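A quick write-up on the structure given underneath.
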Amino acid sequence: MNKVGSGYFEAMGLTIVRGRACEPAADAENAPPLTIVSESMAAAYWPEADALGQCLLIGRAEDGDVPCSEVVGVVENHRRQELVEDDHFLYFVNQWHPSFSGPPQAIMAGTTGPADEYIASLRAEASGVSGLIRFVNVHTLQRYIEPHLRSWRLGALMFTLFGVLALIVAGWGLY
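Structural data, given as structure tokens:
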């Protein structure tokens, strides 16, 4: 589950395959609860019907009346935490959804130029979002993904080196 604003899917480069994303009006505090689900969740929950217009009850029954969150869009399947993972049932709700409170856990921002140039201004803006935020850590997406790629790059390098070594030994043997 992710609580997102209207520009999230564009900033992350994700495609809405059916329906629509949350519009800027959904960022208002009194906006009706909306939901965007992943393709795998839509296929699992509504295999014979269209997910658009369906109602999801998000929240705990103990909290009182749980409002219906209308499914307004279906987003492509994508990975969230790891480079290799199964499809997850993901759903996204507009940022003022009644089931969630508290400051944002992460703020995603898309840039038109080199991302490193925006880090200082993004840190200053994010610090001013809420008095509940204790610290702000700003990174480029590349810096976040880089540690996850190291083992894959090492494996590719090793296969390349052993392949070249095999070609040398085979060529030497043929000579």
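The sequence shown begins at 15 in this note's numbering and counts up by one.
Cβ coordinates follow ideal geometry from the N, Cα and C atoms, glycine included.
Given the structure is predicted, the values throughout are model-derived calculations rather than measurements.
Short CB-CB distance (under 7 Å) between residue i and chain B
{"i": "F149", "result": "The chain inventory of the structure shown lacks chain B, comprising one protein chain alone."}
Cα-Cα separation between residue i and residue j, rounded to whole angstroms
{"i": "V18", "j": "T174", "result": "42 Å"}
{"i": "I213", "j": "V143", "result": "Given that the chain is displayed from residue 15 to residue 189, the structure contains no residue 213 and the question cannot be resolved."}
{"i": "A184", "j": "M172", "result": "18 Å"}
{"i": "S165", "j": "R93", "result": "18 Å"}
{"i": "A63", "j": "G21", "result": "28 Å"}
{"i": "A53", "j": "T29", "result": "First, the amino acid is wrong: residue 53 is Glu here, not Ala. Their backbone Cα atoms lie some 11 Å apart in a straight line."}
{"i": "W60", "j": "F176", "result": "48 Å"}
{"i": "G124", "j": "A140", "result": "14 Å"}
{"i": "V88", "j": "I182", "result": "51 Å"}
{"i": "V31", "j": "V51", "result": "10 Å"}
Delimiting residues of the alpha helix (DSSP H) encompassing residue i
{"i": "S54", "result": "53-59"}
Delimiting residues of the beta strand (DSSP E) encompassing residue i
{"i": "E84", "result": "82-89"}
{"i": "L70", "result": "69-71"}
{"i": "R34", "result": "Counting along the chain, R34 falls outside any beta strand (DSSP E), and DSSP gives it neither H nor E."}
{"i": "N44", "result": "First-last for N44: undefined, no H or E at that position."}
Sequence-distant residues of the same chain with beta carbon closer than 8 Å to residue i, five excluded per side
{"i": "D130", "result": "T154"}
Inter-residue CB distance, residue i and residue j (contact presumed, cutoff 8 Å)
{"i": "V86", "j": "L70", "result": "With 8 Å as the limit, V86 and L70 do not qualify as a contact, their Cβ atoms being about 11 Å apart."}
Chain-order list of residues whose beta-carbon lies under 6 Å from that of residue i (same chain, five-residue window excluded)
{"i": "V152", "result": "I133, L136, R137"}
Contacting residues, own chain, Cβ-Cβ under 7 Å from residue i (five flanking each side not counted)
{"i": "E90", "result": "L28, T29, V31, E53"}
What are the start and end residues of each continuous beta strand (DSSP E) run of 3 or more residues lying completely inside the segment 135-162, in chain order?
-> none
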